[in-house]
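Numbering-wise, the sequence shown is residues 3 to 239 according to this note's numbering. In this text, a Cβ means the ideal position worked out from N, Cα and C, and glycines have one as well. Computed from a predicted model, the values in this text were never measured in an experiment.
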Amino acid sequence: MGNAETANKDTPKIIKKEKDNKIEKKSSIVEPSFFGIYNTNNNCYVNSVIQCLLNLKEFRKILLNTSGLINYSKNNMFLALLELAEILEGPKNKIPLNIEPKKLLYSVKTSNELFNNNEHHDAHEFFIWLIDYLHESYTKIINEVKSQKVKIYDKEIKEPMPIASVFMGTQVNETKCLTCENTNNRKQDFFDLPLDIDRNNISLTSCLKKYTKKEIMKHKDKFYCDYCNSHLEAERR
Numbered sequence: 003m004g005n006a007e008t009a010n011k012d013t014p015k016i017i018k019k020e021k022d023n024k025i026e027k028k029s030s031i032v033e034p035s036f037f038g039i040y041n042t043n044n045n046c047y048v049n050s051v052i053q054c055l056l057n058l059k060e061f062r063k064i065l066l067n068t069s070g071l072i073n074y075s076k077n078n079m080f081l082a083l084l085e086l087a088e089i090l091e092g093p094k095n096k097i098p099l100n101i102e103p104k105k106l107l108y109s110v111k112t113s114n115e116l117f118n119n120n121e122h123h124d125a126h127e128f129f130i131w132l133i134d135y136l137h138e139s140y141t142k143i144i145n146e147v148k149s150q151k152v153k154i155y156d157k158e159i160k161e162p163m164p165i166a167s168v169f170m171g172t173q174v175n176e177t178k179c180l181t182c183e184n185t186n187n188r189k190q191d192f193f194d195l196p197l198d199i200d201r202n203n204i205s206l207t208s209c210l211k212k213y214t215k216k217e218i219m220k221h222k223d224k225f226y227c228d229y230c231n232s233h234l235e236a237e238r239r
């Protein structure tokens, strides 16, 4: 009995605090602002890409600086992205925790039959499609504005869409004939690079070094040299 009393005495009590007999509810507004897109019917692949894009200040700036053009175009995808960008650029204490992307999902499904379902999809595949779609749509809008001679009062309208400066890069493929040492360079624009992940070293630097390392083209993969007029061994990187 004595032991029981000691145990009860030493055990911390859980005290429930109430204010005016009312349960306090946490506000759906937080600071600093972190927001999430409500996930419905397996649209997490859309959510992850959109959140990455909208958390890039450069991407939000592109949308906000061309808001007049976007509103004129009535393009559902641009309008939905602009709406989300404006939310993020608003007062930090008024950004909701959860955002329902109804307009965005509708525009995605009506723009591409591949995503017009409730199935899981690859986020990378969606990202590449979305960037291409935005490029093509922006070009059409610009051409329409020019043909109709519509005046758009935006801070910044550039051609092509400045989104390329954020996501696009240029790689140079260099091939050198090992016989005459003539070098052939070929430039290629890219939105992504197929990097192999090394389990022992997963740093971005190591992955890029592996991607750009030299390789010898030989046997069936010999390089046709225009100067030597023959298929010869070559070094490529």
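- The alpha helix (DSSP H) runs of length 4 or more contained entirely in the segment 117-152 are, from start to end of the chain, 125-150.
- Where Cys46 is concerned, the enclosing alpha helix (DSSP H) starts and stops at Cys46 to Leu56.
- Per DSSP, reduced to three states, the secondary structure at Leu206 is helical.
- By the C-beta criterion, the segment 101-110 is judged to be in contact with the segment 70-81, since at least 3 inter-stretch pairs fall below 8 Å.
- When Leu90, Thr181, Met170 and Lys63 are compared, the shortest CA-CA separation from Cys227 is found for Thr181.
- DSSP places Tyr40 outside both helix and strand once states are collapsed to three, so it counts as coil.
- Residue pairing from DSSP places Ala236 in a beta bridge opposite Cys179 and Met219.
- Residues of the same chain with a CB within less than 7 Å of the CB of Ile39, apart from the 5 flanking positions on each side, are Asn49, Ile52, Gln53, Ile101 and Pro103 in chain order.
- Of Arg62, Leu71 and Thr42, the smallest CA-CA separation from Lys148 is found for Leu71.
- As computed with DSSP, Val174 is found in a beta bridge with Lys189.
- Excluding the 5 residues flanking it on each side, Leu84 has same chain C-beta neighbours closer than 7 Å at Leu65, Ser69 and Ile72, in chain order.
- Distance from Asn44 to Asn120 at the Cβ level is roughly 6 Å; contact confirmed, criterion being Cβ atoms closer than 8 Å.
- With respect to Arg239, Thr207 sits apart: the two C-beta atoms are not nearer than 8 Å.
- Rounded to the nearest angstrom, the Cβ distance from Phe117 to His123 is 6 Å, consistent with a contact under 8 Å.
- Gln173 is a Cβ neighbour of Phe192, given a cutoff of 8 Å.
- Residue environment for Arg62: buried (at least 16 other C-beta atoms within 10 angstroms of its C-beta).
- Between Tyr47 and Phe128 the beta-carbon gap is near 5 Å, inside 8 Å, which marks them as a contact.
- Distance from Ala87 to Leu56 at the Cβ level is roughly 6 Å; contact confirmed, criterion being Cβ atoms closer than 8 Å.
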